[in-house]
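Structure first, commentary second.
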Amino acid sequence: MRMHVVLPAIVLNLVMTISVQAANEVYAPMKLEDARSQVLAWAASRPSVTEQQQRDLAAIWGTELPSDDADRILELVVRSFATIDADAGKLVAACNASTAILLPPDGNFLKQPSRDTFETANLRLFYGRYLVERRMFDEALEQLIAIDPRQVVDPASLFFFKAVAFQGVLEVKPALLALEQLLKNVERVPVRYSATATLMQADLQGLEEKSLGEVARLMSDSERRLDLGRAGEKVQGVQDRIISELDEIIKKIEQQQGGGGGGGEGEGGNSNESSNPANDSSVKGTEAPGDVDKKKFAKDGQWGNLPAKEQAKAKSDLNRNFPSHYQRAIDQYFRKQSERTAKAK
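Mapping the sequence shown onto the numbering used here, position 78 (from 1) lands on 86, and the numbers just tick up by one.
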């Protein structure tokens, strides 16, 4: 079974369903005057707004107002919330702090159902963008998937950063859906977003499941989590998925090296040469159900059922296709396989 390391499967399916249902909607960035009117209406509904806060709010919207630049408008909206709402003020100050932190600022107040939907949506977008920029993709998705695109002043940022976060945790289908919505369902998308989104689409569409490319990305995700001090169940889940997928890749290599209509073992030692260079980087035609093949390992820790020469070649194929800094992870994989086999005996 393919494991989702970011969101429970039921939540991920709900996200996909809602996104597909909204695929035909078109979202436009909010105009300056509309955003200003929304903020002033929000402020008027707040209890106990002081005269000083009212003056501060007027100053935010009263000097050198920009054109309809969605980024700038979002900044003004968020500053307005921070001026009136103490919780919003703490969150914005924490996100704007220059010191790097391993734990995200506290945004639990955004879960309160009684809060204004316009304020909550735009604060979530501001907060989610902050988390994506610091590679805290799991926490970012918790914020971004809860946002109604119709409530934010900058829908292009919402879909772009949602796609980046999904890509960061290797949830390919939701990432591609967010990119498609950005490029097809959002008006006046900034060039920096549309150009990057097009490149991301091409990259993700070319990514094969159960391939070394996917495993390399999973290793990168595991490394990212550890850099952030995340060493809990999610990291273990990523590492387990790495081992599972490497097992399936190795199983395919064994099947390819074991014959399968290719003329047997052959003579003269040329059987170690690849007849299809594409197989050196990925495994084509995989239709595995997800169950790891239970190999019989020798007591000396040999890898699967491959002869010594074939073990060396397959291991070399794996090492060659990963960046050098993943060598430790591959070596750790072989050690874990040996330990797992020893325990099974």
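C-beta: ideal position from N, C-alpha, C; glycine also. Keep in mind that this is a model prediction, so the values were computed, not measured.
DSSP places PHE117 outside any alpha helix (DSSP H), giving it a letter other than H or E.
In the DSSP assignment, the residues bridged to TYR35 are VAL194. Taking C-beta atoms as the reference points, ALA129 and ASP156 count as a pair closer than 8 angstroms. At a Cβ-Cβ threshold of 8 angstroms, LEU133 and SER106 do not count as neighbours. Leaving aside the five residues that flank GLN175 on each side, the residues in its chain whose CB is nearer than 7 angstroms to its CB run, in chain order, ALA183, MET208 and LEU212. Between PHE169 and ARG137 the beta-carbon gap is near 5 angstroms, inside 8 angstroms, which marks them as a contact.
In the structure shown, ARG54 falls within a coil segment according to DSSP collapsed to helix, strand and coil. Within the model, the alpha-carbon separation for SER122 versus TYR201 is close to 33 angstroms.
The C-alpha of THR58 is placed about 46 angstroms away from the C-alpha of GLU179.
Note on geometry: alpha-carbon atoms of VAL140 and LEU131 lie some 14 angstroms from one another. Of all alpha-carbon atoms in ASP95, ALA78, SER53 and LEU48, the one lying nearest the alpha-carbon of ASP64 is that of LEU48. Just so you know, the alpha carbons of ILE81 and GLU256 end up roughly 49 angstroms apart. Under a 10 Å Cβ-count criterion, SER88 is classified as buried, with 16 or more other Cβ atoms of the shown protein chains found around its own Cβ. For ASP124, same chain residues with a beta-carbon under 6 angstroms away, outside a window of 5 residues either side, are TRP50 in chain order.
Spanning the alpha carbons of LEU118 and GLN189 requires a straight line of approximately 25 angstroms. In the structure shown, the three-state DSSP call for VAL85 is helix. Between ASP95 and the set ALA205, GLU147 and GLN120, the nearest pair of CA atoms involves GLN120.
LYS98 and ALA154 have their C-alpha atoms roughly 21 angstroms apart.
Judged by DSSP secondary structure, LEU133 falls within the alpha helix (DSSP H) whose first and last residues are 125-141. In the three-state reduction of the DSSP assignment, LEU184 falls in the helix class. When secondary structure is reduced to three states using DSSP, ALA78 falls in the helix class. By the criterion of a C-beta distance shorter than 6 angstroms, LYS39 is surrounded in its chain by ASP76, once the five residues flanking it on both sides are discounted. With 16 or more other Cβ atoms from the protein chains shown falling within 10 Å of its own Cβ, LEU149 counts as buried.
Within its own chain, the residues whose Cβ lies closer than 7 angstroms to the Cβ of VAL86, once the five positions on either side in sequence are excluded, are VAL100, ASN130, LEU131 and PHE134, listed in chain order. Across the structure, ALA102 and ASN32 are spaced so that their CA atoms are roughly 37 angstroms apart. Taking a contact as a CB-CB distance under 8 angstroms, the pair ALA36 and GLU195 counts as one, their CB atoms being some 4 angstroms apart.
Minimum Cα-Cα distance from PHE126 among the listed residues PRO163, LYS192 and ASP114 corresponds to PRO163.
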